[in-house]
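Below: the structure, in structure tokens.
Residue numbers (the numbering used here), protein chains in the order written: chain A, 1 to 188; chain B, 189 to 305.
Listed below in structure tokens is the structure:
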């Protein structure tokens with residue numbers, strides 16, 4: 001178990017280093033690439049925390065689709081962030097420090113990491129672990145909760161994605177029609 | 189109890205604040221969206237580590253295993269990752285539209301063009 005903890009801490013420190021690099025980098029293409037590394041490292045961290053389904057999804061959707069979308073956007077908007085010479089901005093740092101200090105104060109009351117008798121582990125989860133095989137005949141509990149017990153929630157999720165798809169189509173699809181109309185009028 | 193618990197959560201908060209700082213301070217809209225994603229991921233870590241049980245197997249029922257990690261945070265976070273990508277896609281589409289209408293994705297430039305934004 002010590003080894004798992006070491007890997008866990010190593011990955012977390014690595015993520016912290018990557019987030020600092022993301023803050024400092026001005027070239028947007030590099031920033032998107034480093035964000036890809038961030039997503040893949042977080043997928044590894046989910047794997048260490050025994051969440052295989054989440055790791056798959058993060059690697060495929062977070063490190064895959066997000067990065068492709070960002071690269072496609074960069075192809076249109078250009079990759080250079082405008083470099084502005086200006087004085088150090090103090091207000092964001094103050095806001096972030098106060099929020100962070102409040103959260104640090106809050107985590108003192110959290111239950112210890114990884115203990116089987118934590119409140120989250122004893123209330124609802126045992127019922128699914130014991131009964132889901134009998135009730136749904138699916139060995140993977142995550143799948144049985146997602147697709148069977150909480151099927152309507154998953155339907156709601158699909159509605160959210162559908163709405164996002166319509167939003168993207170309305171925002172960008174109109175442009176394509178306008179562009180083709182402009183080209184047609186140019187040819188006339 | 190090991191001291192690991194506190195360190196885990198401290199780094200989550202560091203990542204969350206790095207994402208928040210990126211969202212507030214950077215003027216480029218794509219950097220803001222990356223910051224939003226970093227912020228989001230730190231919340232995912234927090235949920236998944238709430239469900240972690242030391243020595244527990246992944247939540248796939250196996251003969252002879254009695255201790256499993258908590259499957260419910262995993263289900264929540266699966267949904268959250270997919271919804272997060274949907275919001276990222278809408279944000280990026282808005283960025284493209286802003287680029288076409290104003291010719292820039294820098295917040296400072298947009299302010300100069302239209303102070304009402």
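Idealized CB from N, CA, C, for every residue including glycine.
Please read all numbers here as calculations on a predicted model, not as lab measurements.
Around the beta carbon of residue 106(A), fewer than 16 other beta carbons lie within 10 angstroms, which makes this residue exposed. Taking the Cα of residue 82(A) as reference, the smallest distance to any Cα among 62(A), 173(A), 26(A) is reached at 26(A).
Pairing residue 66(A) with residue 273(B), the inter-Cα distance amounts to about 6 Å. With a beta-carbon spacing of about 6 Å, residue 218(B) and residue 28(A) fall inside the 8 Å limit used to define contacts.
The DSSP-derived three-state label of residue 253(B) is coil. Closest in C-alpha terms to residue 243(B), from the list 15(A), 42(A), 116(A), comes 116(A). In terms of Cα proximity to residue 265(B), the closest of 224(B), 204(B), 236(B) is 236(B). With a threshold of 16 other beta carbon atoms within 10 Å, residue 8(A) meets it and is buried. In the structure shown, residue 225(B) falls within a helical segment according to DSSP collapsed to helix, strand and coil. Distance from the CA of residue 216(B) to the CA of residue 173(A), rounded to the nearest whole angstrom, comes to 24 Å. The stretch 199 to 213 of chain B makes contact with the stretch 87 to 103 of chain A; the number of CB pairs closer than 8 Å reaches 3 or more.
7 Å or more divides the Cβ of residue 113(A) from the Cβ of residue 258(B). For residue 125(A), the enclosing alpha helix (DSSP H) stretches over residues 125 to 136. Assignment of residue 248(B) by DSSP, reduced to helix, strand and coil, places it in the strand class.
In its chain, beyond the 5 residues on either side, 221 have a beta carbon closer than 7 Å to the beta carbon of residue 280(B).
Chain-order list of chain B residues neighbouring residue 20(A): 206, by C-beta distance under 8 Å. Taking a contact to require three or more Cβ pairs closer than 8 Å, the stretch 11 to 24 of chain A and the stretch 42 to 51 of chain A qualify as touching.
Per DSSP, reduced to three states, the secondary structure at residue 216(B) is strand. For the pair residue 262(B) and residue 96(A), the CB atoms are not nearer than the 7 Å cut-off.
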